[in-house]
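Notes to accompany the following structure.
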Amino acid sequence: IAGITQAPTSQILAAGRRMTLRCTQDMRHNAMYWYRQDLGLGLRLIHYSNTAGTTGKGEVPDGYSVSRANTDDFPLTLASAVPSQTSVYFCASISPREGHLYEQFFGPGTRLTVL
Amino acid sequence: QKEVEQDPGPLSVPEGAIVSLNCTYSNSAFQYFMWYRQYSRKGPELLMYTYSSGNKEDGRFTAQVDKSSKYISLFIRDSQPSDSATYLCAMSGTGGFKTIFGAGTRLFVKA
Numbered sequence: 010i011a012g013i014t015q016a017p018t019s020q021i022l023a024a025g026r027r028m029t030l031r032c033t034q035d036m037r038h039n040a041m042y043w044y045r046q047d048l049g050l051g052l053r054l055i056h057y058s059n060t061a062g063t064t065g066k067g068e069v070p071d072g073y074s075v076s077r078a079n080t081d082d083f084p085l086t087l088a089s090a091v092p093s094q095t096s097v098y099f100c101a102s103i104s105p106r107e108g109h110l111y112e113q114f115f116g117p118g119t120r121l122t123v124l
Numbered sequence: 012q013k014e015v016e017q018d019p020g021p022l023s024v025p026e027g028a029i030v031s032l033n034c035t036y037s038n039s040a041f042q043y044f045m046w047y048r049q050y051s052r053k054g055p056e057l058l059m060y061t062y063s064s065g066n067k068e069d070g071r072f073t074a075q076v077d078k079s080s081k082y083i084s085l086f087i088r089d090s091q092p093s094d095s096a097t098y099l100c101a102m103s104g105t106g107g108f109k110t111i112f113g114a115g116t117r118l119f120v121k122a
């Protein structure tokens with residue numbers, strides 16, 4: 010693989026079900042993020058991890074959890090899905106670009122519909 | 012008030028037109044100003060970035076930053092149908108990874 014992969018590509022999920030979105034990178038970047046993208050609201054940060062073994066809450070963390078057991082994998086779990094979690098989810102890894110500028114490398118996204 | 016404001020469009024222009032995309036922001040601590048391009052059903056990719064104020068040119072693309080007005084722009088010259096995408100402005104400071112994204116402007120370039 011090259012870059013970031015996400016799985017599944019899309020999913021329709023019944024409300025109340027548990028779901029894990031997978032994200033894997035092969036660039037050995039320390040920092041990884043999860044965003045959701047909604048029309049008119051742009052990218053909103055859900056959770057982040059600055060390095061393996063650490064995680065933090067972003068702007069919209071409620072209803073989501075993450076883990077970072079190793080550098081490459083950063084799964085996002087919805088414990089009990091609700092319709093408001095219908096969105097496109099993007100995983101990103103972060104690499105220093107220049108000075109204090111960090112470039113984000115995004116995966117192809119997971120389209121999740123919760124009914 | 013959002014930290015970054017961006018008109019979602021859509022913006023539709025004929026091929027060959029000059030396109031102007033803009034964002035305003037409120038946080039004076041932002042030092043890096045980026046534009047990401049996102050094609051349909053793909054993740055965003057970094058297109059251009061500038062540090063502090065000024066202009067930066069890369070082929071048909073020019074990024075401008077006016078920190079006094081808290082206003083950034085992306086100009087696309089001789090626009091092509093392949094430029095059709097959503098353009099997201101993004102900003103960050105010098106304190107770490109945190110990046111704030113605009114909502115994105117959808118651009119359609121008609122052949």
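Protein chains in written order, with the numbering used here: chain A, 10 to 124; chain B, 12 to 122.
Ideal placement from N, C-alpha and C gives every residue a C-beta, glycine not left out.
Residue 55 (chain B) has a beta carbon lying within less than 8 Å of a beta carbon in chain A.
Contact annotation: the stretch 20 to 36 of chain A touches the stretch 88 to 97 of chain A, with at least three C-beta pairs closer than 8 Å. For residue 21 (chain A), the closest Cβ of chain B is not nearer than 8 Å. From the listed residues B:63, B:122, B:57, B:73, the smallest Cα separation to residue 33 (chain B) is found for B:73. Judged by DSSP in its simplified three-state form, residue 81 (chain A) adopts coil rather than helix or strand. The continuous beta strand (DSSP E) containing residue 66 (chain B) extends over residues 65 to 69.
With contacts defined as CB atoms closer than 8 Å, residue 115 (chain A) and residue 104 (chain B) fail to qualify as a contacting pair. Residue contact check for residue 82 (chain B) against chain A: no CB pair falls below 8 Å. Interface annotation for the stretch 43 to 71 of chain B against chain A: 43, 45, 47, 49, 52, 53, 54, 55, 56, 57, 60, 62, criterion Cβ-Cβ distance under 9 Å.
Listed in chain order, the non-local C-beta contacts of residue 17 (chain B) below 7 Å within the same chain comprise 34, 100, 113, 114, 115, 116, local neighbours out to five positions each way being set aside. Interface with chain A (8 Å Cβ-Cβ cutoff): residue 113 (chain B) is included. The Cβ atoms of residue 108 (chain B) and residue 111 (chain A) sit closer than 8 Å to each other.
Going by beta carbons, residue 86 (chain B) and residue 23 (chain B) fall outside the 8 Å limit. Taken in chain order, the whole beta strand (DSSP E) runs of length 3 or more contained in the stretch 12 to 66 of chain A are 13 to 16, 19 to 22, 28 to 34, 40 to 47, 51 to 58. Within chain A, the residues whose beta carbon sits less than 8 Å from that of residue 110 (chain B) are 111, 113, listed in sequence order. Every unbroken stretch of the beta strand (DSSP E) spanning 3 or more residues and falling wholly within the stretch 89 to 115 of chain A is given here in chain order: 96 to 107, 110 to 115. Using a 10 angstroms sphere on the CB of residue 104 (chain A), the tally of other CB atoms stays under 16, which defines it as exposed. Its chain contains 52, 53, 96, 97, 98, 99, 118 as the residues whose beta carbon lies nearer than 8 Å to that of residue 46 (chain A), once the 5 sequence neighbours on both sides are disregarded; these appear in chain order.
Interface annotation, residue 55 (chain A): not in contact with chain B, CB-CB separation never under 8 Å.
For residue 49 (chain B), the beta-bridge partners assigned by DSSP are B:97. The beta-bridge partner set that DSSP reports for residue 72 (chain B) consists of B:69, B:87. Residue 83 (chain A) is outside the set of residues whose beta carbon lies under 8 Å from a beta carbon in chain B. Look at residue 37 (chain B): its C-beta is not under 8 Å from any C-beta on chain A.
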